[in-house]
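In what follows, a structure is listed as structure tokens, so that the remarks can point back to it.
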Amino acid sequence: MTQLIKALAVGGGVILAAPSVASAATLTLIPNATQTVSATVRCSAAGAPASILAAADAELPGIAAGQNVQGATAIRIGLNPGGRLEYASVMRTSGNPWIDAAALRATRLSHYRSETRDCSSVSGEYAVLVDFSGEDK
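Per the working numbering, the very first residue in the sequence shown carries number 98; after that it's consecutive.
Written as structure tokens, this is what we have:
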């Protein structure tokens, strides 16, 4: 059973959603206080929050999908100024190893854009919430 992730990037009051067909899993990107500026350049651009450019499918193993397991996993990720994923680890478990593994895999396979401030890309740490609640959010 394949569940598409509806990607939500939350930051600076902006919410972006990636196209999703029948999404039961959501992936939410939340900024953390550990962001650093890679360069200081002044310009008229206000900047943009980090976002998910392409969310990967969150696939549960067939046995888990057949049992209609539900839950949410929080994944801690680090993005470099180029938007490349530097690390990903389970921050808060769903209590179900199948959900945690699917959430971690989907987070690692997704593509991101880093936050920009004053025309400069910045690195940052984020919490990504992958929710297999069975509800389309």
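From the three backbone atoms N, C-alpha and C, an ideal C-beta is built for every residue, glycine too.
Counting pairs of Cβ atoms below 8 Å between the stretch 153-162 and the stretch 182-191, do you hit three or more? no
Chain-order list of residues whose beta-carbon lies under 7 Å from that of ALA199 (same chain, five-residue window excluded): ALA155, GLU156 and LEU157
My output table needs one value for ARG205: the three-state DSSP class, helix, strand or coil. helix
Between VAL166 and ILE196, is the Cβ-Cβ spacing less than 8 Å? yes
Measure the alpha-carbon distance for LEU124 versus SER217 and round it to whole angstroms. 25 Å
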